[in-house]
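One structure is given here, and the rest of the page talks about it.
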Amino acid sequence: MLSEATMENRHGPPGVNSRSLSAAHSAADLEVLREIENVYFQPSSEFDAGRYVLEHAPTTSCDEIEQVFTKLKRQQQVVSGKALHLISQQRDNCDKEFKEIQNIREQLTTTLQTCQKAREQLRAASNHLTISTFVILANFRKRQIIRSVLKSLELLRSLRSVETDVAELLLKKEYYGAIELILKSKKAASSHKEYTCIADLATRLQDTLDMTEEKLDAILASICYRFDEIIFRKLRKAYALLGKTQAAMEQLHMHYSSAVNESSIEAVKNYVGDTIDMKFQDMCMSVQPTKAPICLLNLCENLFLIMKSYYLLVDWHAKYDGEESIPISNNVFEIEKNVSREYIRQKLNAGLVRIWHDVQAKVSTFLKSSGLEEYPFEKFIQMLGILRKLTQVAEVFCGDKSDLLQDFIKTQSVLYIKNYHKGRMEELKLFLENEGWEQCPVKSTFNLLNLQEFKQFKKYLSVRSDTSLVKTQSDGASSVHSQDDSVYISKYFKQNTSHTPFEIFRCENITNDDIFGLEPELVSDDSDDEPEELKRDFVDENDRLPNESPSKVKDSVIVTNTTLSVLRHCGQYLQICRYLPQISLEVVMLMNQLFDYYFFTAHLFFTVDLNVASTTLYTPKLNSVLKRIRNNIDVANAGDVDKIPCPDPPQHLNLGIEESLHGLSERIVAVESVIFLAKQYEILQPYLESIVSSHQRMILEYFKDNTLAVVQDLRIPVYMCSASKAVDARTALIAMSQVKWDVKNVAVEHSAYVDMIIRKIQVFALRLENIATKVTLNSEILNSIWSTLSKFIVHLLVEGFSNATKCSNGGRGLMQLDYRQLFLKLEKISGLKPVPFQDYVDKYVKAYYLPRKGLEEFVLERVEYSNKHLMALVTCACENKKDRQALSAIIESRDSAV
Amino acid sequence: MSESYEYLFKFLVIGSAGTGKSSLLNNFIGNKFKEDRCHTIGVEFGSKIVNIGGKSTKLQIWDTAGQERFRSVTRSYYRGAAGALLVYDITSRDSFNALANWLRDARTLASPNIVILLVGNKKDMEEAREVTFTEASQFAQENELMFLETSAKTGENVEEAFLKCSKTILAKIETGELDPERIGSGIQYGTGTSKRLAAPKKPARTPSDCACHV
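Below, the structure written as C-alpha cells:
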C-alpha cells in the first residue's frame, strides 16, 4: 500500500515543487498545468520532448516562437514548482516509507538467517539420522550377499578338496564317511549348477566316486586274504549307502575266486625261477622236488587264509545279518531288501563249496605236477599230513568230505607206495646179494617190537602166544580223532588267531603222529627202557658158554642183517598204513612181497646145488608158494619191467667147502631167518587184519596159511643140499652093491658100508658142532638137520637095497640089521628119538615078506617109492613069474595114472 | 626211478663204534643230523648219484656197524668194495688206535686196490679233541691213505670225503690201475654207459649126479 502511494505520485507532472506553487500561483498554475499537452507526460524513454517541440514550433514569426517559448517556459516553471511541491509534500511519507522499508529489510535479514539456521540444522539432523541407517542397511545387505558368495566359494573349495578328504577318510577306514562325503558333494554340486566351474567339479566328483569305489573294491578284495569284521562292517555300510550291497557281494565272490588263484601263484612263485608267462600248472611242474613240501605247505597255508576269511565272512553274516533283519512287511522296498539278503545268504553258502572246490583244484594241480611219488618217505608223509589236514579243514569249512582229494591221496599214495616199494625191493635185492648170511647177534628174546620202527605199534601187538588178545582199537580210535580234529581245526577259523593248522609242519621236530594228529604213544614203563633195551639188544658173545651144547639152546634167534632190514621196512610200511588207512591192503600186500622175495631168494641161493631129485623134498604147499612167487619174479632175467628182478646169486658164498658142510651155516642162517621172519609176520597178522577191511582179511589169512605157515618146509630142501653131501652117495651105493643079499643065513654082523656111513655121519656131527659155535642152533634146527640127514640116509638105503637084484630072506634080514644098526648110531649121534623116516626103509624092506595080495596093495599105494624101487622089490619078492609080470604091469601103469 | 649213471662204486664206511659213520652217510645222502642215534645194527645202506669230473656215478654205500659183535656180519659186505671211508672220532683216542685193525680188515677182505680215505669225524667238537691233525695225517701218509677231517653234524667236508674218494677211484680207472671189468673190483658200468657189465652168469643147477631118487 505504500508503494501505491508512490506510484500515484509518480504519475503526477514532474519538475514543480508543490509548496511554491500553492504559495504563488495556485489557481493560475493549475490552469497552466491543464494546458500542458498530454504528450509530455509520456516517459522520456518513449518520447523526446525536445524533438517534439521543435517539430511543432511555428515557423512563421518570431513572436509566435516567443510566445510558445514563454508558454513553455511558464509551463516548465509550473511543472517544476508543482513537482517540487509534490516532492516536499511527499517527503515525510517518503521518509516514513523509507523507515518502513528499512525495517522490513531488517526483518527479512533475520528471517533469512533463521531460515538458513533451520536449514542447516535440518541438514545436520538428516545427516545424522537417515543416511547412516541406510548405509548400515545397505552394508548389511551387501554382507549378506558376500556371505552367500563366500559360502558358495567355500563349498566350491570343499568340493575341490573332496578328493583329498576322501583319501584321508579312506585312510582312516571311514568308508561310509567317504562315500557319504562324495554323495553329499555331488548333491551340493548339482544344486550349484549356476557356477560354471561346477560342471568340471561334478565330473571330478564322479571320478572321485569311481576311484573311491575302486578303492573300496580293493579293500573288499583284501578281505579275501584277511577278514576283518570292523572293516567289513564299514565296507558294508558304505556299499549300502551306494546301494550296491548285492553287487558288492557278487564282487566279493569274484575276489575270492581270484584270491585263490593269486595266492596259489604267490605260494608257488618263490620256488620257481622264471615265472613270466607261466601257467600255474607249469609253475607247479618246475618246482624242485626238494622244495615241493614247503611249497605245498605255503600253498595250503595261503589257501587256508582265504578259506578262513570266507568262513568268517559267512559266519559274520549268519551272526549279524539277522540283527538287522526287518520284520516281514508289505513295504516293497523292504521285501526287495529281504530278497536280496536271502540271495546273499544262499550265495555265501554255495560259495563255501565253490571255494573249497577251487582250493582243491589248485592243490590237485600242484600235486599232479609235483611228482609226489619221488619224494623221500619223510617228505611224503609230511605232504600227506598236509593234505590230510587240508581235508580236515575242508570238513570244518564246508562239511565236504573232499572225495576228490581223498581219491587223489589214495591214488597218489598207492603210486607212492608202489614206487617206494620198488626202491625198497631194489634195496632188498642189493642187501640179499651182499648178504653174508651170518647170524646177527641179537638177544634171544628179540622180536620185531624191539625195533624202533615198531615202537608205536607195541600196544597193538602182542608177542604172547595168545595173539587173539591183540587190541584192535584202531577203528574206534580213528572216528574219535576226526571228532577232535574238527574241534581242533575250528580253532584256527577264529578271527583273532593268526595261526594256521599248517604251522606245525614248519616245526623241525614234528613227528608224524603230530602231523596226523594221532594219539601220542603212551610212554609206558616198557617203552621207557626201550632205548636201553635197544642198546643191549644184542647178546654179548661172552654170555653164552662156548661149550654149551647146542641142543640146550632153547631160544635162538637167527636173523640176518637183511632180515632186520626187511622188518624195518615192514615197520615203515605200517607207519605209512597208519597215515593211509585207506590203502592198508595195498601196503600189506607189498609188505608181504618183501617177505616173498626174501623167502624166494633164500630158496634160490641155497638150493642151487641140490643134487637130489626133489619130489618128496618139497611139500605141495611149498611148491605152490614158490611157484606163486616165481611168477612175479623175472627169473629169466629178461628185463621184464612188470616183474621183480631176480637177485643175482652171490659170488662171495662158497657153498662147496666140505669142512663147512657145504655152507650149512649160511644155509641155516638163511632158512631160519626166513622162519623167524615168518614168525614176525605172524605176530603182525592180527594187527594187519585190524587195519584192513573185513572182506580183505581173507587175503591175509590166505597168505598166513599158504605162505607163512609153509616156510618151515624150506628146511628140508635147503638142508638136504648139505645133508646129501655128508655121505657120498656114489661110494655108499657101490659099497652096498658089494654086499651079498642072497645069503642063506642071517648074518650077525652088519655090513661094512654101515660103518662107513656112520663115520661120515660122525664127521658131519663134528662139523655141525663147529657150526654151532658160530650160529645158535636150537634143538628144532638140529632136529630138522638130522631128520633131513636121516631122510637122505633112508633114501640112500632104499636106493642101495633096490639095487639088489637078488635077495634072500637072509639078505632081507641083513638089510634090517644094517639099517637098525645105522639108526641106532644115528639116534645116538643126532639125539633124535626115534630117528624119523625109518619107516621108509623099514616098510620097503619088509614089503618083501608081504603076500601077493599085500604086495599088490603096497605097489598100488606106496607112491613114495619109485618104479625102479618097486620093480626091484617085486623082482626079489615074487618067485612066481606070472605074479611078477602082473605087478610089473601095475607099477608101469602107475606112471600113466599119475 | 629213471636214474642213469656211468659207473657204480661200492663204498664202505668202517671204523669203531660211535665214530659217526651212520651220521656221515646220512648227512651225505641228505638226511638230518640226529644227536643220539642208536648203534647201527649190522649194515645199513645208502646210495647217491654224484657227478665226478662230468661223469655221473652212483655210490652204493654200505654203512657198517662198528660194534665188535657185528664184525662177522659186516665182514661179508667188505668184499669187492672199491672205496672206503675209514672213520675215527677225533675226540676218541681209542677209535684212532683201532684204525690199524680196521685197515687190515679192509685191505684183506675188500678188493686189494681199495681206495681208502681216512676220516677224522666230529671236527665240530674241537674242545674235546684227543687226536691231532698232524698225527692222523702221519698215520694216513704211512698207510697211503687220503685224509680229511669232517663233521657230520655241520656237514663240513662230508661230501668232499665221498667225492675225493670217488675221484681217486675214477682217476685210477682212467689210468688203467683199476679195471672195472674185473670181478670184485667194486665198480660196475651203469645204465648210462654203452659198455655194460654182463650179468654174472648164474651157476646152473648141477644136474643130479646122484643116482638116488629121493
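Chains as they are written, first to last, in our numbering: chain A, -3 to 894; chain B, 11 to 224.
Quick reminder that beta carbons are idealized off the backbone N, C-alpha and C, glycines included.
key: Where the region 414 to 433 of chain A meets chain B: residues whose CB sits under 9 Å from a CB there   = Asn415, Lys418, Gly419, Glu422, Glu423, Leu426, Phe427, Asn430, Glu431, Gly432, Trp433
ask   = Rounded C-beta distance between Glu176(A) and Leu237(A)? I'm assuming under 8 Å.
value = Locating residue 176(A) in the first sequence gives position 180, where the first residue counts as 1. Locating residue 237(A) in the first sequence gives position 241, where the first residue counts as 1. The Cβ separation is near 6 Å, so the contact holds.
ask   = What does Pro285(A) reach in chain D if we use C-beta pairs closer than 7 Å?
value = Considering every chain present, this structure includes no chain D. Its protein chains are A and B.
query = Mind checking if Pro713(A) is an interface residue toward chain B, Cβ cutoff 7 Å exclusive?
reply = Position 717 of the first sequence holds residue 713(A). Not an interface residue.
key: Spatial neighbours of Leu424(A) in its chain, beta-carbon cut-off 8 Å, leaving aside the 5 residues before and after   = Here residue 424(A) is taken as the residue at index 428 of the first sequence, counted from 1. So the qualifying residues of the chain are Thr558, Ser561, Val562, His565, Leu590, Tyr593, Tyr594.
ask   = Which runs of the alpha helix (DSSP H) fall wholly inside the region 717 to 756 of chain A and span at least 4 residues, in chain order?
value = 725 to 733
request  = Ignore the nearest five residues each way along the sequence and tell me which others in Glu528(A)'s own chain have a CB closer than 6 Å to its CB.
outcome  = For the purposes of this step, residue 528(A) is identified with residue 532 of the first sequence, where counting begins at 1. Note that Glu528(A) scores a pLDDT of 39, beneath 50, so its modelled location is shaky; the value from the coordinates is reported in the next line. None.
ask   = Is there contact between the region 722 to 735 of chain A and the region 751 to 759 of chain A, where contact requires at least three CB pairs shorter than 8 Å?
value = Contact holds: three or more Cβ-Cβ distances are below 8 Å.
ask   = Between Val355(A) and the rest of its own chain, which residues show a CB-CB distance below 7 Å, the 5 nearest in sequence each way excluded?
value = To locate residue 355(A), count along the first sequence from 1; it is residue 359. Contacts found: Val256, Leu299, Met303.
query = Given a threshold of 16 other Cβ atoms within 10 Å of its Cβ, counted over all protein chains shown, does Pro54(A) qualify as buried or as exposed?
reply = For this step, residue 54(A) is matched to residue 58 along the first sequence. Result: exposed.
task = Please work out which residues of its chain come closer than 6 Å, Cβ to Cβ, to Leu651(A), disregarding the five sequence neighbours upstream and downstream, and give them in chain order.
result = Stepping through the first sequence from its first residue, residue 651(A) is reached at position 655. Around Leu651(A): Asp605, His658, Gly659.
inquiry  = Is Cys436(A) close to chain B? Criterion is C-beta to C-beta, closer than 7 Å.
reply    = Within the first sequence, numbered from 1, the residue matching residue 436(A) stands at position 440. Answer yes: the Cβ-Cβ gap between Cys436(A) and chain B drops below 7 Å somewhere.
Per DSSP, cross-strand counterpart(s) of Lys65(B) = To locate residue 65(B), count along the second sequence from 1; it is residue 55. BP columns for Lys65(B) point to Ile62(B).
ask   = In its own chain, which residues sit with a C-beta less than 6 Å from the C-beta of Ser161(B), not counting the 5 before and 5 after it?
value = For the purposes of this step, residue 161(B) is identified with residue 151 of the second sequence, where counting begins at 1. If we look at Ser161(B) and ignore the five residues flanking it on each side, its Cβ neighbours are Lys133, Asp134.
request  = Determine the closest residue to Phe223(A) out of Leu773(A), Leu764(A), Leu309(A), Ala214(A), with distance taken between C-alpha atoms.
outcome  = Here the question's residue 223(A) lines up with position 227 in the first sequence. That would be Leu309(A), whose Cα lies nearest to the Cα of Phe223(A).
ask   = Using a Cβ-Cβ distance under 7 Å, would Arg79(B) count as near chain A?
value = For the purposes of this step, residue 79(B) is identified with residue 69 of the second sequence, where counting begins at 1. Closer than 7 Å: yes.
ask   = Since Val75(A) is in the alpha helix (DSSP H), which residue starts that stretch and which ends it?
value = For the purposes of this step, residue 75(A) is taken as the residue at position 79 of the first sequence. Per DSSP, Val75(A) belongs to the alpha helix (DSSP H) from 58 to 122.
Buried versus exposed, by CB contacts within 10 Å (16 or more), Ser545(A) = Here residue 545(A) refers to the residue found at position 549 of the first sequence. A caution first: Ser545(A) carries a pLDDT of 45, below 50, which makes its placement in the model unreliable, though a value can still be read off. So Ser545(A) ends up on the exposed side.
ask   = Is there a Cβ from chain A that is less than 7 Å from the Cβ of Val60(B)?
value = Here residue 60(B) refers to the residue found at position 50 when the second sequence is read from its first residue. Chain A, which has no Cβ nearer than 7 Å to the Cβ of Val60(B), makes this no.
message = Across the region 856 to 866 of chain A and the region 812 to 825 of chain A, are there enough close Cβ pairs to call them in contact, namely three or more that are closer than 8 Å?
response = no
task = For chain A, find out if any of its Cβ atoms is closer than 7 Å to the Cβ of Gly52(B); answer yes or no.
result = Along the second sequence, read from residue 1 onward, the residue named residue 52(B) stands at position 42. For Gly52(B), the answer is yes, since a Cβ of chain A falls inside 7 Å of its Cβ.
request  = Closer than 7 Å by C-beta to Phe797(A): which residues in its own chain qualify, once you throw out the five before and the five after it? Chain order, please.
outcome  = By 1-based counting over the first sequence, the position of residue 797(A) is 801. If we look at Phe797(A) and ignore the five residues flanking it on each side, its Cβ neighbours are Met811, Tyr840, Val841.
ask   = What three-state label does DSSP hand Asp189(B) in the structure shown?
value = Position 179 of the second sequence, counted from the first residue, corresponds to residue 189(B). In this structure, Asp189(B) counts as coil in the three-state DSSP scheme.
request  = Pull out every residue of the region 556 to 585 of chain A whose Cβ sits closer than 7 Å to any Cβ of chain B, in chain order.
outcome  = Residues passing the 7 Å Cβ filter: Asn557, Leu560.
inquiry  = I'd like the list of long-range same chain contacts for Leu866(A), defined as Cβ closer than 7 Å, with 5 residues on each side in sequence excluded.
reply    = Within the first sequence, the letter at position 870 stands for residue 866(A). So the qualifying residues of the chain are Val855, Ile887.
Within chain A, partners of Phe55(B) - CB distance below 9 Å = Counting from 1 along the second sequence, the entry for residue 55(B) is found at position 45. Those are Glu423, Leu426, Phe427, Asn430, Ser561, listed as they occur along chain A.
task = Would you decide whether Val665(A) is buried or exposed? Buried here means 16 or more other CB atoms lie within 10 Å of its CB.
result = Working through the first sequence from its first residue, we reach residue 665(A) at position 669. It is buried - the Cβ of Val665(A) has at least 16 other Cβ atoms within 10 Å.
ask   = Of all Cβ atoms in chain A, is any one closer than 7 Å to the Cβ of Tyr87(B)?
value = Within the second sequence, numbered from 1, the residue matching residue 87(B) stands at position 77. So, interface residue.
ask   = Among Leu428(A), Ser254(A), Asn345(A), Glu332(A), which one has its Cα closest to the Cα of Ser643(A)?
value = Indexing the first sequence from 1 puts residue 643(A) at position 647. In the sequence as displayed, the identity of residue 643(A) is Pro instead of Ser. The shortest C-alpha separation from Pro643(A) is found at Leu428(A).
request  = Mind listing the chain A neighbours of Ser82(B)? Cutoff is C-beta to C-beta under 7 Å, in chain order.
outcome  = Translated into the one-based positions of the second sequence, residue 82(B) becomes position 72. Those within 7 Å of Ser82(B) in chain A are Glu434.
ask   = Can you tell me whether Gly239(A) is buried or exposed, with buried defined as 16 or more other CB within 10 angstroms of its CB?
value = Your numbering for residue 239(A) matches position 243 in the first sequence. So Gly239(A) counts as exposed.
message = Using DSSP's beta-bridge definition, name the partner residues of Val125(B).
response = Translated into positions along the second sequence, residue 125(B) becomes position 115. According to DSSP, Val125(B) bridges with Gly93(B).
task = Scan the region 647 to 700 of chain A and note each continuous alpha helix (DSSP H) run of 4 residues or more that stays entirely inside, going in chain order.
result = Here the runs fully enclosed are 660 to 687.
message = DSSP three-state label for Asp636(A), please.
response = For the purposes of this step, residue 636(A) is identified with residue 640 of the first sequence, where counting begins at 1. If DSSP states are grouped into helix, strand and coil, Asp636(A) belongs with coil.
task = My understanding is that Phe172(B) touches Ala92(B), with C-beta atoms under 8 Å, so please give their C-beta distance in whole angstroms.
result = Taking the second sequence and counting its residues from 1, the one referred to as residue 172(B) is at position 162. Taking the second sequence and counting its residues from 1, the one referred to as residue 92(B) is at position 82. The Cβ separation is near 12 Å, so there is no contact.
task = Quick one: residues in its chain with C-beta nearer than 7 Å to the C-beta of Ile687(A), no 5 flanking neighbours on either side, listed in chain order?
result = Position 691 of the first sequence holds residue 687(A). For Ile687(A), the CB contacts under 7 Å within the same chain, skipping 5 residues up- and downstream, are Ser470, Cys573, Pro577, Ser580 in chain order.
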